[in-house]
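> If you scroll down you'll find the structure; I have some questions about it.
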Amino acid sequence: MYNFSCPTVRGLCCRILRFIMWHTFSMGDRSGLQERTGNSSFTHNALSLKYKLDNEFELVFVVGFQKILTLTYVDKFIDDVQLHFRDRYKNELGQKGALKFLVNHFEFEDDFSRLLREAEGGSIARPQKPMRTYNESQKSQKTVKSMIETKGGDKGKEQTGRKGFGGMFGMLKGLVGSKTLTQQDMEPILEKMKDHLIAKNVAADIASQLCDSVAKKLEGKVMGTFTTVASTVKQALQESLVQILQPKRRVDILRDVLEARAQRKPFVITFCGVNGVGKSTNLAKISYWLIENGFTVLIAACDTFRAGAVEQLRTHQRRLNSLHPPEQHGGHPVVQLFEKGYGKDAAGIAMEAIAYARNQCFDVVLVDTAGRMQDNAPLMTALAKLIAVNTPDLVLFVGEALVGNEAVDQLVKFNQALADHSMSDHPRLIDGIVLTKFDTIDDKVGAAISMTYITGQPIVFVGTGQTYSDLRSLNARAVVNALMKA
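In UniProt numbering, the protein residues as written are 1 to 486.
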């Protein structure tokens with residue numbers, strides 16, 4: 001009996017098993033299929049293999065031994081191994097599926113050795129059966145039947161035999177591929193996928209829409225060899241999620257700033273969002289990022305409602321200038337603050353700041369606006385006016401990753417309010433998203449999917465900490481991997 005924990009033997013058996021399955025699914029050789037799968041065995045050179053399929057947990061049990069040996073206990077042994085392995089690991093297999101464990105190591109060697117000893121000990125030589133006469137043989141029975149004209153009864157038996165053969169063929173196809181996917185096949189898997197996405201903070205309706213789109217995409221598709229329905233659905237869902245996080249319109253701020261500089265005008269970015277999500281802090285982080293890339297920044301203090309808003313921006317300005325002293329930049333500060341105090345018209349302050357930046361040759365204007373709830377009509381009207389009057393190059397919505405689907409609701413209503421309160425027939429909406437506190441959510445990154453899916457706009461930055469350098473671009477595949485992690 002070979003030790004299948006040996007990589008060499010295991011690799012050989014995998015190759016032979018692929019050979020079995022390849023010939024099993026050859027549509028032009030069904031007679032050979034019936035002969036090969038009748039006893040679930042295969043012979044290759046000096047090695048004999050017997051295998052047993054477990055479709056419930058997507059497992060294949062293989063026993064290998066030298067061809068010259070006559071082992072009467074192999075069938076019972078492989079049955080015992082299957083039952084013992086299922087009983088021992090049924091919880092893990094039931095929760096995650098067998099395919100998740102292909103690269104894992106199971107502590108099963110002691111059990112395997114014990115079962116082998118029991119099988120060998122229980123093997124007793126049986127008396128040899130007497131040889132059958134020709135009249136008792138299947139050949140004789142077939143010869144007799146071929147001379148009898150049948151009109152109905154035997155036809156049913158023939159169909160039953162074919163049905164049994166088809167069931168075995170279908171079971172093998174269900175395990176290793178060559179199967180056309182149907183809605184019924186995918187429904188239980190997609191239901192689990194939907195629950196998993198919701199648990200990771202994807203909005204429930206968006207999770208349903210994603211799973212429905214995957215089902216439509218895969219229905220009628222033929223799976224590849226050695227793939228399962230679960231793995232096919234999971235791969236399709238991963239690809240869809242990556243596409244969502246990589247929208248058609250890519251925001252490249254550095255390139256756009258260089259183009260604006262060539263036209264001798266500042267690049268204007270407006271920040272909006274609800275109260276307390278970190279607009280001013282992330283505005284300062286983006287200022288630092290722009291300065292690090294060689295640009296000068298003017299911060300426009302257009303939050304004229306919240307007490308301390310101007311002072312907060314002034315503190316950030318001083319810290320940024322201390323990190324990049326004017327002496328290192330020809331005596332000119334790399335960041336300045338433009339403010340007119342409190343209680344003034346925010347749209348007017350933004351307009352003056354942009355004009356000042358153009359005259360003083362600043363590369364970028366960052367417009368800080370007051371935090372406002374999405375259902376506050378007067379403040380939403382004021383924001384729509386500021387955007388319509390000053391036509392910024394980029395409108396960024398700042399939202400918290402921590403609040404999950406609440407951020408999605410905020411984003412949707414902000415977009416709707418900007419459209420409703422705009423004076424233009426073609427209202428300016430949100431162009432991109434800054435997701436703050438991204439370091440606090442572990443793998444519950446579903447809000448990123450929801451916000452991008454609902455608007456079609458990209459996540460430009462994610463905040464990952466408290467310092468100015470804690471600003472990152474979103475890695476779509478890393479987010480999807482975290483989202484799909486069990």
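No residue lacks a Cβ here, since even glycine has one placed at the ideal position from N, Cα and C.
Report the rounded CA-to-CA distance for residue 467 versus residue 319, giving the unit in angstroms.
Looking up residue 467 in the sequence shown gives position 467. Looking up residue 319 in the sequence shown gives position 319. Going from the Cα of residue 467 to the Cα of residue 319 covers about 11 Å.
> Between 67, 57, 121, which has its C-alpha nearest residue 76's C-alpha?
Taking the first residue of the sequence shown as position 1, residue 76 is located at position 76. Answer by Cα proximity: 121.
> Between the alpha carbons of residue 164 and residue 230, how many angstroms are there, rounded?
Looking up residue 164 in the sequence shown gives position 164. Looking up residue 230 in the sequence shown gives position 230. Bear in mind that a pLDDT of 44 at residue 164, under 50, signals an unreliable position, so the model cannot answer this.
> Which class does residue 170 belong to by DSSP, given the choice of helix, strand or coil?
Position 170 of the sequence shown, counting from 1, holds the residue named residue 170. Annotation note: pLDDT 48 at residue 170 (below 50); position unreliable, coordinate value reported separately. In the structure shown, residue 170 sits in a helix (DSSP, three-state: H, G or I).
> What are the boundary residues of the beta strand (DSSP E) that includes residue 51?
The residue you call residue 51 lines up with position 51 of the sequence shown. Per DSSP, residue 51 belongs to the beta strand (DSSP E) from 47 to 54.
> Which of helix, strand or coil does DSSP assign to residue 330?
Walking along the sequence shown from the start, residue 330 turns up at place 330. If DSSP states are grouped into helix, strand and coil, residue 330 belongs with coil.
> According to DSSP, simplified to helix, strand and coil, what is residue 440?
Your numbering for residue 440 matches position 440 in the sequence shown. Residue 440: helix per DSSP, three-state reduction.
> Starting from residue 488, trace the beta strand (DSSP E) both ways and give me its first and last residue.
Look at the range of the chain in this structure, 1 to 486, and you will see that residue 488 is not part of it.
> Residue range of the alpha helix (DSSP H) that residue 211 falls in?
Residue 211 sits at position 211 when you count from the first residue of the sequence shown. Segment 204 to 218, the alpha helix (DSSP H) holding residue 211.
> Which same chain residues, not among the five before or five after residue 380, have their C-beta less than 6 Å away from its C-beta?
Within the sequence shown, the letter at position 380 stands for residue 380. The answer, listed in chain order, is 417, 421.
> Rounded to whole angstroms, what's the CA-CA distance from residue 222 to residue 180? Just pull it up for me.
Indexing the sequence shown from 1 puts residue 222 at position 222. Indexing the sequence shown from 1 puts residue 180 at position 180. So the alpha carbons of these two residues sit roughly 4 Å apart.
> Measuring straight from C-alpha to C-alpha, what distance separates residue 32 and residue 43?
Working through the sequence shown from its first residue, we reach residue 32 at position 32. Working through the sequence shown from its first residue, we reach residue 43 at position 43. Any reading at residue 32 is ruled out, since the residue's pLDDT is 35, under 50, leaving its predicted position unreliable.
> Alpha carbon to alpha carbon, how far is residue 483 from residue 349?
For the purposes of this step, residue 483 is identified with residue 483 of the sequence shown, where counting begins at 1. For the purposes of this step, residue 349 is identified with residue 349 of the sequence shown, where counting begins at 1. The alpha-carbon atoms of residue 483 and residue 349 are separated by roughly 42 Å.
> Between the alpha carbons of residue 234 and residue 71, how many angstroms are there, rounded?
The residue given as residue 234 occupies position 234 in the sequence shown. The residue given as residue 71 occupies position 71 in the sequence shown. Cα to Cα, residue 234 sits roughly 42 Å from residue 71.
> Do residue 297 and residue 458 have their C-beta atoms closer together than 8 Å?
Numbered from 1 along the sequence shown, position 297 holds the residue referred to as residue 297. Numbered from 1 along the sequence shown, position 458 holds the residue referred to as residue 458. It is not a contact, given that the beta carbons lie outside the stated cut-off.
> Could you pull the start and end residues of the beta strand (DSSP E) that residue 301 belongs to?
As a working mapping, residue 301 is identified with position 301 in the sequence shown. Residues 297 to 302.
> Compute the Euclidean distance between the alpha carbons of residue 429 and residue 270, then round it to the nearest angstrom.
In the sequence shown, counting from the first residue as 1, residue 429 sits at position 429. In the sequence shown, counting from the first residue as 1, residue 270 sits at position 270. Straight-line Cα distance between these residues: approximately 11 Å.
> If residue 393 sits next to residue 267, beta carbons under 8 Å apart, how far is it from one beta carbon to the other, in whole angstroms?
Residue 393 sits at position 393 when you count from the first residue of the sequence shown. Residue 267 sits at position 267 when you count from the first residue of the sequence shown. Correct: roughly 5 Å between the Cβ atoms.
> Name the one or two DSSP bridge partners that residue 472 has.
Here residue 472 is taken as the residue at index 472 of the sequence shown, counted from 1. In the DSSP output, where bridge partners are listed per residue, residue 472 has 462.
> Restricting to runs no shorter than 4 residues, where is the alpha helix (DSSP H) found entirely within the stretch 356 to 434?
With a minimum length of 4 residues, the continuous alpha helix (DSSP H) runs that stay inside the stretch 356 to 434 are 377 to 390, 405 to 421.
> Determine the extent of the beta strand (DSSP E) in which residue 337 is found, giving its start and end residues.
The residue you call residue 337 lines up with position 337 of the sequence shown. Run containing residue 337: 335 to 338, per the beta strand (DSSP E) assignment.
> Which value, in whole angstroms, describes the spacing of the CA atoms of residue 281 and residue 485?
Position 281 of the sequence shown, counted from the first residue, corresponds to residue 281. Position 485 of the sequence shown, counted from the first residue, corresponds to residue 485. In a straight line, the C-alpha of residue 281 is about 31 Å away from that of residue 485.
> Out of curiosity, what's the CA-to-CA distance linking residue 412 and residue 419?
Start at 1 with the first residue of the sequence shown, and residue 412 comes out as number 412. Start at 1 with the first residue of the sequence shown, and residue 419 comes out as number 419. Cα-Cα distance, rounded: 11 Å.
> Determine the closest residue to residue 259 out of 241, 314, 295, 198, with distance taken between C-alpha atoms.
Mapped onto the sequence shown, residue 259 falls at position 259. Ranking the options by Cα distance to residue 259, first place goes to 295.
> Looking at C-alpha atoms only, which residue of 188, 53, 451 is the closest neighbour of residue 396?
Here residue 396 refers to the residue found at position 396 of the sequence shown. It is 451 whose Cα lies nearest to the Cα of residue 396.
> So what does DSSP say about residue 446, is it helix, strand or coil?
As a working note, residue 446 is residue 446 in the sequence shown. Residue 446 falls in the helix class under three-state DSSP.
> Kindly identify the DSSP beta-bridge partner or partners of residue 59.
For this step, residue 59 is matched to residue 59 along the sequence shown. Bridge partners of residue 59: 54.
> Which of helix, strand or coil does DSSP assign to residue 222?
The residue you call residue 222 lines up with position 222 of the sequence shown. Note: residue 222 maps to strand in three-state DSSP.
> Where do the N-terminal and C-terminal ends of the beta strand (DSSP E) with residue 271 fall, by residue?
Counted from its first residue, the sequence shown places residue 271 at position 271. Element bounds for residue 271: 267 to 272.
> Going by the beta-carbon positions, is the gap between residue 463 and residue 474 smaller than 8 Å?
Position 463 of the sequence shown, counting from 1, holds the residue named residue 463. Position 474 of the sequence shown, counting from 1, holds the residue named residue 474. Result no, Cβ atoms of residue 463 and residue 474 do not sit closer than 8 Å.
> What is the residue span of the alpha helix (DSSP H) that residue 281 lies within?
Here residue 281 is taken as the residue at index 281 of the sequence shown, counted from 1. Per DSSP, residue 281 belongs to the alpha helix (DSSP H) from 279 to 292.
> Under 8 Å between the Cβ atoms of residue 290 and residue 299?
By one-based count along the sequence shown, residue 290 stands at place 290. By one-based count along the sequence shown, residue 299 stands at place 299. No, Cβ-Cβ distance for residue 290 and residue 299 is not below 8 Å.
> Skipping 5 residues on each side, what residues in its chain have a beta carbon closer than 8 Å to that of residue 54?
Along the sequence shown, read from residue 1 onward, the residue named residue 54 stands at position 54. 60, 61, 82, 86, listed in sequence order.
> What residues are listed by DSSP as bridge partners for residue 456?
Working through the sequence shown from its first residue, we reach residue 456 at position 456. None, per the DSSP bridge assignment.
> Please name the residue in 446, 456, 461 whose C-alpha comes closest to that of residue 517.
Within the shown structure, residues of the chain are numbered from 1 to 486, placing residue 517 beyond reach of any answer.
> In three-state DSSP terms, what is residue 483?
For this step, residue 483 is matched to residue 483 along the sequence shown. Three-state DSSP puts residue 483 in a helix.
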